[in-house]
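Per this note's numbering: the sequence shown = residues 31 to 323.
Every residue, glycine too, gets a C-beta built ideally from N, C-alpha and C.
Below is one structure, written out as structure tokens; comments come after it.
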Amino acid sequence: GGSGIVGQLFSVVFTSYTKVPIIASNGVKIAEWLGPDDLLIVISYSGETFEALRAFNEACRKNVRVVAMTSGGSLAEMAKKNGVQLVELSKGFPPRMSLPEMAGAAASMLDNIDVTRNAAKALLESAEMLIEVVKENNPNNPFENNTAKKAATHLYGSIPGVFCSGHLYVSGIRLKNQLNENAKYPCIVHEIPESMHNTLEALPYSEKDKYLLFRSSNETVDVSSQMKFISSILGDASMEVRFKGSVVYEAIASIMWSDYVSIYLAALREVDPITVARIAALRKELERSIKKT
Numbered sequence: 031g032g033s034g035i036v037g038q039l040f041s042v043v044f045t046s047y048t049k050v051p052i053i054a055s056n057g058v059k060i061a062e063w064l065g066p067d068d069l070l071i072v073i074s075y076s077g078e079t080f081e082a083l084r085a086f087n088e089a090c091r092k093n094v095r096v097v098a099m100t101s102g103g104s105l106a107e108m109a110k111k112n113g114v115q116l117v118e119l120s121k122g123f124p125p126r127m128s129l130p131e132m133a134g135a136a137a138s139m140l141d142n143i144d145v146t147r148n149a150a151k152a153l154l155e156s157a158e159m160l161i162e163v164v165k166e167n168n169p170n171n172p173f174e175n176n177t178a179k180k181a182a183t184h185l186y187g188s189i190p191g192v193f194c195s196g197h198l199y200v201s202g203i204r205l206k207n208q209l210n211e212n213a214k215y216p217c218i219v220h221e222i223p224e225s226m227h228n229t230l231e232a233l234p235y236s237e238k239d240k241y242l243l244f245r246s247s248n249e250t251v252d253v254s255s256q257m258k259f260i261s262s263i264l265g266d267a268s269m270e271v272r273f274k275g276s277v278v279y280e281a282i283a284s285i286m287w288s289d290y291v292s293i294y295l296a297a298l299r300e301v302d303p304i305t306v307a308r309i310a311a312l313r314k315e316l317e318r319s320i321k322k323t
């Protein structure tokens, strides 16, 4: 969810900043091989994420080294009770809006314990250049110069498909999640090259569906060829969005851009981008189920 994207960001985007694997886990159970020599960072902005609480308890039982990152809730209480290091986040935001703070905190912590080197610096330097994304895509910039507004209009009325590769795959996942939560809208993400072994034969989904192609200045020759091939099949149904810079910059710039798209699509659909009534209802149902067991 909004908290879990942090793990995906570091496991994919920051691989060149570490000599040890960073593995993202979004499930209830932790890996069997985790033990006292491993570190598990449990991230739940609300402190009430079912999967995070279960993983925390299991890690403590297995004597895995644990760090909890949260704004409060049950996770904060459990961390204090178990003597686990707690990284406290600012309160009062939907989890998906706290991504910058969570990413910054994670980068600083991983640098400090020598898991990564200069990850925080790379993140900060990239963040300082995001003003260009804001200038181009903010609400005051007119449609003809605003790629986020163009993308939202392009996708509106269709089931969107997003093709992405490498570090931009995380951005594709972010776009999907933001369209789901902010715009209450479906989205399908396809990773290249894997989707070229299957999805390619199913394109297009239908005559009315639309697609985004996330292009990177760092993409390999084979990925460029595959993107061009997809574009030739989809024609006007596809829209290329290009990002240029370091791997870290492209990742966070495309994430910010995706957030703008989701808000503009929410506006087109006239839905509230903040409320997530079904997710809230599910959490209550899970709480009732847990109390019964």
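Query                                                                                                                  : Result
Residue closest to glutamate 270, alpha-carbon to alpha-carbon, out of Glu162, Asp252, Phe193 and Ala137               : Phe193
CA-to-CA distance, glutamate 221 to serine 201, given in whole angstroms                                               : 11 Å
Residue range of the beta strand (DSSP E) that includes threonine 100                                                  : 95-100
Reference tyrosine 279, options Met99, Leu185 and Leu39, closest by Cα                                                 : Leu39
Beta-carbon gap between alanine 213 and alanine 150 smaller than 7 Å                                                   : no
Serine 46 burial status per 10 Å Cβ neighbour count (16 or more: buried)                                               : exposed
Boundaries of the alpha helix (DSSP H) in which valine 163 is found, first to last residue                             : 161-167
Which residues DSSP lists as bridging threonine 48, in chain order                                                     : Thr146
DSSP bridge partner residues for glutamine 115 (one or two, in chain order)                                            : Val97
Pair within 7 Å by beta-carbon distance, tyrosine 186 and proline 125                                                  : no
Candidates Phe86, Ile35, Ser41 and Gly77: closest to glycine 122 by CA position                                        : Gly77
Straight-line Cα distance separating proline 51 from proline 130                                                       : 22 Å
Close beta carbons around leucine 160, own chain, < 8 Å, minus the five adjacent residues each side                    : Ile282, Ala283 and Met286
Alpha carbon of glycine 196 to alpha carbon of leucine 233, nearest angstrom                                           : 21 Å
Cutoff 6 Å; reference lysine 274; Cβ partners in own chain excluding five residues on either side                      : Ser247
Close-in-space but distant-in-sequence residues of the same chain around valine 117 (CB under 6 Å, 5 per side omitted) : Met99 and Ala135
Separation of glycine 191 from leucine 243, as counted between CA atoms                                                : 9 Å
Length of the line joining the Cα atoms of tyrosine 294 and lysine 165                                                 : 15 Å
Under the three-state DSSP convention, the category tyrosine 215 falls into                                            : coil
Nearest-angstrom Cα separation, counted from tyrosine 235 out to valine 251                                            : 27 Å
C-beta atoms of alanine 133 and valine 36 nearer than 7 Å                                                              : yes
Per-residue burial, phenylalanine 86 [other beta carbons within 10 Å of its own, 16 or more giving buried]             : buried
Which listed residue (Asp68, Ala311, Phe80 and Thr48) has its alpha carbon closest to that of valine 58                : Phe80
Through-space distance from lysine 314 to arginine 308, alpha-carbon basis                                             : 10 Å
Three-state secondary structure assigned by DSSP to arginine 271                                                       : Here residue 271 is valine; the residue named in the question, arginine, does not match the sequence. Of the three classes helix, strand and coil, the one that applies to valine 271 here is strand, per DSSP.
Distance CB(glutamate 94)-CB(glutamine 115) smaller than 7 Å                                                           : Rather than glutamate, the amino acid found at residue 94 in this sequence is valine. Contact flag unset, no.
Reduced DSSP secondary structure (H/G/I, E/B, other) of serine 254                                                     : helix
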